[in-house]
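Its first residue numbered 1, the sequence shown is counted upward by one per residue in our numbering.
Virtual Cβ for every residue (Gly too), placed ideally from N, Cα, C.
Working notes, beginning with the structure itself.
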Amino acid sequence: MSTGDDDNHGDPLQQQPEEEDGGGYGDVAVGGGLFSVPGYEWADVAALGPDVAGRAVRVRGAAHAVRAVGRRVAFLVLRQGSSTVQCVVGGGGGGGGGGDAGVARFAAGLSRESVVDVAGVVSLPREPVRGTTQQEVEIQVKKLYCISKATPNLPISVDDAARSEEDVVKAKAAGEQLVHVGQDKRLDFRVIDLRTPANQAIFRVQCEIENIFRQVLLSEGFVGIHTPKLIGGSSEGGAAVFKLDYNGQPACLAQSPQLHKQMAICGGFERVFEVGPVFRAEDSNTHRHLCEFVGLDMEMAIKGHYSEVCDVVDRLFVAMFDHLNKNCAKELEAINRQYPFKPLKETDRSTTS
Numbered sequence: 001m002s003t004g005d006d007d008n009h010g011d012p013l014q015q016q017p018e019e020e021d022g023g024g025y026g027d028v029a030v031g032g033g034l035f036s037v038p039g040y041e042w043a044d045v046a047a048l049g050p051d052v053a054g055r056a057v058r059v060r061g062a063a064h065a066v067r068a069v070g071r072r073v074a075f076l077v078l079r080q081g082s083s084t085v086q087c088v089v090g091g092g093g094g095g096g097g098g099g100d101a102g103v104a105r106f107a108a109g110l111s112r113e114s115v116v117d118v119a120g121v122v123s124l125p126r127e128p129v130r131g132t133t134q135q136e137v138e139i140q141v142k143k144l145y146c147i148s149k150a151t152p153n154l155p156i157s158v159d160d161a162a163r164s165e166e167d168v169v170k171a172k173a174a175g176e177q178l179v180h181v182g183q184d185k186r187l188d189f190r191v192i193d194l195r196t197p198a199n200q201a202i203f204r205v206q207c208e209i210e211n212i213f214r215q216v217l218l219s220e221g222f223v224g225i226h227t228p229k230l231i232g233g234s235s236e237g238g239a240a241v242f243k244l245d246y247n248g249q250p251a252c253l254a255q256s257p258q259l260h261k262q263m264a265i266c267g268g269f270e271r272v273f274e275v276g277p278v279f280r281a282e283d284s285n286t287h288r289h290l291c292e293f294v295g296l297d298m299e300m301a302i303k304g305h306y307s308e309v310c311d312v313v314d315r316l317f318v319a320m321f322d323h324l325n326k327n328c329a330k331e332l333e334a335i336n337r338q339y340p341f342k343p344l345k346e347t348d349r350s351t352t353s
């Protein structure tokens, strides 16, 4: 037999948010991020396209931009990772007893970067939606819940952090003033800076580089290894070390896996590689000297001629560049918008072959 206390401790998935004006929208109580919305299936923004038009979906993301149009309609741009979609709030689609005016007013009051749940029907707009990645669809909102409210006046905005230096310079030359977010500001509020399209893309490209690096070398007969990063002395000449005390004994952070790679080769592995951190106490304070980075290292025994290594490296780099161009076109474009670069051109085989 259940008691009154038992009834107050139900399944968190069945706990509903505190809805305003009878239902359909409102704030979710602190710690109540898990709740059911019957009839709507979870969906990723990146997967929304014309092929899912008419489907009832539930999407969680950040309120990237909100624009009210009159009293009964608001447009909410929902961002999930690096993907964005327009959500139409009100206009006959608002649910609950509060009507379109209530839900539109609730949407217009959302602070940017607030985390929200949108439940609605995917529809085809009359014309492509500008300013979103999913331009061929929009969501007609039926239910709208705020999961976590953001501070109304954030120290930096995603739009400002995503702006290129070139855009700032051009605006200044035209007599306009755009906000430029410096590196110190970015690092102070890194959690917001990470939300820019370029940073989202950079981390995804890094992941793809590591992935294809591993795949190619494994196909070439290499073995992945993990070498110590806390060692008793210098592992490579030409670079200073970070020294530290290890239980009363001198130690340092590894500058390179070089010594241990060579030990593995002498131990009979013949071909090894590692993806891991590298620490170098560089004296030069420039943008080209990194004290910590992720190294992609390989080592192999040479049977007859050093060209054997050149051939492997040739196949590795060609495969890596081809993979990035094929699988990371959108990410490279996002990076290029904020940090312009010239496309890398390569031949089928390197000039060292």
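Pairwise C-alpha distance: residue j and residue i
i    : j    : result
E292 : A150 : 33 Å
P257 : E127 : 55 Å
R315 : H180 : 41 Å
G120 : P197 : 25 Å
F213 : K142 : 46 Å
L187 : A161 : 11 Å
Q255 : L296 : 13 Å
Q140 : F75  : 10 Å
P340 : R163 : 12 Å
A251 : A201 : 37 Å
F189 : V116 : 21 Å
R337 : E299 : 36 Å
A68  : S111 : 13 Å
G267 : L332 : 41 Å
Beta-carbon proximity check, residue i vs residue j, cutoff 8 Å
i    : j    : result
S82  : A319 : no
T227 : E274 : yes
C87  : S114 : no
L259 : K229 : no
A65  : Y40  : no
L218 : V137 : no
A104 : R58  : no
L144 : F203 : no
Helix, strand or coil at residue i [DSSP, three-state]
i    : result
H356 : No answer is possible for residue 356: the residues shown for the chain start at 1 and end at 353.
E299 : strand
K170 : helix
L253 : strand
S164 : coil
E292 : strand
A56  : strand
F269 : coil
G70  : coil
V158 : helix
I212 : helix
G90  : strand
E41  : strand
F279 : strand
L187 : helix
P340 : coil
Cβ-Cβ separation, residue j to residue i (assumed contact under 8 Å), whole Å
i    : j    : result
G90  : R79  : That belief does not hold up - the Cβ atoms of G90 and R79 are roughly 20 Å apart, past 8 Å.
V241 : R271 : Not confirmed; about 28 Å, so no contact.
L178 : V191 : So it is not a contact: roughly 23 Å between Cβ atoms.
For residue i, the residue or residues it bridges with in DSSP
i    : result
R79  : A62, T84
L244 : A251
G224 : F273
L123 : In the sequence under discussion, the amino acid at residue 123 is Ser, which differs from the Leu named in the question. Looking at the DSSP assignment, S123 forms a beta bridge with E138.
V118 : V59, L144
Any non-hydrogen atom of the ligand FMN closer than 7 Å to residue i Cβ
i   : result
D51 : Within the structure as shown, the ligand FMN is missing, as the structure has no ligands at all.
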